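**Q**
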């Protein structure tokens, strides 16, 4: 039972810190304190340290002995790699596995996208964004590709949050781009849906690069 409890605490600590990195509550280049994390979580040193080690392996934090823990920045190279993967996988899901896509769910998404008029809570908007892309990726039914998408999901979310904060029109544009993808799917125009997805990813990449260039240096 002790081993199970320790494993559960380690996973809770990992999920807690990872979510805050994902949402940019812990922003790129922020320095984190292990002692403060332990205090916030109410956990002992071991599960928090193991969680930090796991996050370091995933490239989300950098551990500097005697200095602290830094949330990893996002480089221009990271942006190119993330969108290279997404541009290969997500349009492919639409053209090769569209028979597995839940069109009733996409109809609900389309209604949300078309009714968007600005404002709203960021968390709710980003949740819709996540669920839309996850619905399309789930159609792959390929554990290797899905695992690959999961691996870059955190970085994609961080980029989206940062781009949305720095370019105010991006959220509105994203909703319109999502509407075009969903509507093409509902019309069973899968080639058109794939092209709309490719365009959406191109513009998202441009926004991410614009966000990074608005800050000094080559990382955010």
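Residue numbers (the working numbering): 1 to 220. Don't be surprised by glycine CBs; every beta carbon is placed ideally from N, CA and C. This structure is a prediction, so every number in the text was calculated from the model and none was measured.
DSSP has residue 70 in a bridge; who is on the other side?
**A** 31, 62
**Q** To the nearest angstrom, report how far apart residue 98 and residue 157 are at their CA atoms.
**A** 24 Å
**Q** Determine the contact status of residue 148 and residue 89, defining contact as a CB-CB distance below 9 Å.
**A** Remark: C-beta atoms of residue 148 and residue 89 approach each other more closely than 9 Å.
**Q** To the nearest angstrom, how far is it from the Cα of residue 82 to the Cα of residue 152?
**A** 7 Å
**Q** For the alpha helix (DSSP H) containing residue 183, name the first residue and the last one.
**A** Element bounds for residue 183: 170-186.
**Q** For the candidate residues 206, 202, 207, 198, whose alpha-carbon lies nearest to that of residue 91?
**A** 198
**Q** Return helix, strand or coil for residue 24, following the three-state DSSP convention.
**A** The answer is coil: DSSP assigns residue 24 none of H, G, I, E or B.
**Q** Determine the closest residue to residue 183 out of 60, 42, 132, with distance taken between C-alpha atoms.
**A** 132
**Q** I'd like the list of long-range same chain contacts for residue 37, defined as Cβ closer than 6 Å, with 5 residues on each side in sequence excluded.
**A** 48
**Q** In this structure, how does DSSP classify residue 189 when only helix, strand and coil are distinguished?
**A** In the structure shown, residue 189 sits in coil (DSSP, three-state: anything other than H, G, I, E or B).
**Q** Go ahead and pull the three-state DSSP assignment for residue 42.
**A** It is coil, neither helix nor strand.
**Q** Restricting to Cα atoms, I'd like to know which of 13, 20, 30 is closest to residue 39.
**A** 13
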